[in-house]
Structure formats: C-alpha cells, structure tokens
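Novice: Have a look at the structure that comes next, please.
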Amino acid sequence: MAYLLYSITLLVIVTGTALYLTRGHWLHLIPGQTYIYSHLPSSFAGDMEAGLSSSTFDLGANVDGADSRAGLDDAAKRQILAIMKKRRLPFDEARRIYMEQRFSDNGIAADGRPKDPKFVSFS
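Shown next as structure tokens:
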C-alpha cells in the first residue's frame, strides 16, 4: 500500500513539474486565458495600434512630432484595456469609466465636485 502511495505522489510531482516547465507551449490553448501575458505598448505609436486613441483623445500629434516619451501610464493602460475587453466598449467609453472610478476612489463626484461634506465653495 505504501508503495502505491509513494508512486502516485512521485507521479504527481513529476507531472506537475513537467507541466510547469512546458506551460509556454500549452497555456494558450486554455480558453479565456489570452490576456494573462499580454504586453503593453511602450510608445505612443504602440498605444495607437492597441486602440488607445480616438478622435477626442488623439495621439497622432505625439506620433507625428516624434515624441520620445514612453507613452501613456502603464497602470492606466492595463485597466482601460481590461475594461474594453470585459465590457466590450470603445476606448472613449472605457476611458470615461476608468476616470469615474478614479474620481470615486479619490472622493470626487462624477460632476467633478468633492464629496467632502465640509467642502464650501464660493462661486
């Protein structure tokens, strides 16, 4: 009985190790796992190709002007692309939802006013 237990344990360890070491060859075959290792673009041209540009948020001037900066913020790009994929929205809608979430996290209402009850504004 102990021989069987040790054999099964060894088999599981060897199989698990083999699957881990060869995951690059078979991981893409699992449905719904396509976004795990997606690389973010690192320039404004890459951002445009990834769909992170529109008529109201045009990166064309940055590309045409040969802007050498790294492009948009990586964390924001990751979250906006996730919203675009999850909800199947265009870039402008995903950017609006992302900004509303950021506003809400920082205590700002959707109209741009602070949610702080002590806030006093003279206009």
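The number in this note's numbering is simply the position in the sequence shown, starting from 1, with 141 added. We put the beta carbon where it would ideally sit given N, CA and C, even for glycine.
Out of curiosity, what's the CA-to-CA distance linking I249 and L222?
Specialist: Along the sequence shown, read from residue 1 onward, the residue named residue 249 stands at position 108. Along the sequence shown, read from residue 1 onward, the residue named residue 222 stands at position 81. Straight-line Cα distance between these residues: approximately 23 Å.
Novice: Please report how far the alpha carbon of G157 lies from the alpha carbon of K218, in whole angstroms.
Specialist: For the purposes of this step, residue 157 is taken as the residue at position 16 of the sequence shown. For the purposes of this step, residue 218 is taken as the residue at position 77 of the sequence shown. So the alpha carbons of these two residues sit roughly 34 Å apart.
Novice: Among the residues of its own chain, which have a CB less than 7 Å from the CB of A251, if the five just before and after it don't count?
Specialist: The residue you call residue 251 lines up with position 110 of the sequence shown. For A251, where only same-chain residues beyond five positions count, the Cβ hits under 7 Å are E241, F244.
Novice: Please confirm whether D188 and L213 have their CB atoms less than 8 Å apart.
Specialist: Translated into positions along the sequence shown, residue 188 becomes position 47. Translated into positions along the sequence shown, residue 213 becomes position 72. Yes, these two residues count as a Cβ contact at 8 Å.
Novice: Checking the sheet assignment: what are the DSSP bridge partners for P114?
Specialist: No information on residue 114 is available, as it lies outside the stretch 142 to 264 that the chain covers here.
Novice: Excluding sequence positions up to five away, which residues of its chain have a Cβ less than 8 Å from the Cβ of G253?
Specialist: To locate residue 253, count along the sequence shown from 1; it is residue 112. Cβ neighbours of G253 beyond the five flanking positions: F244.
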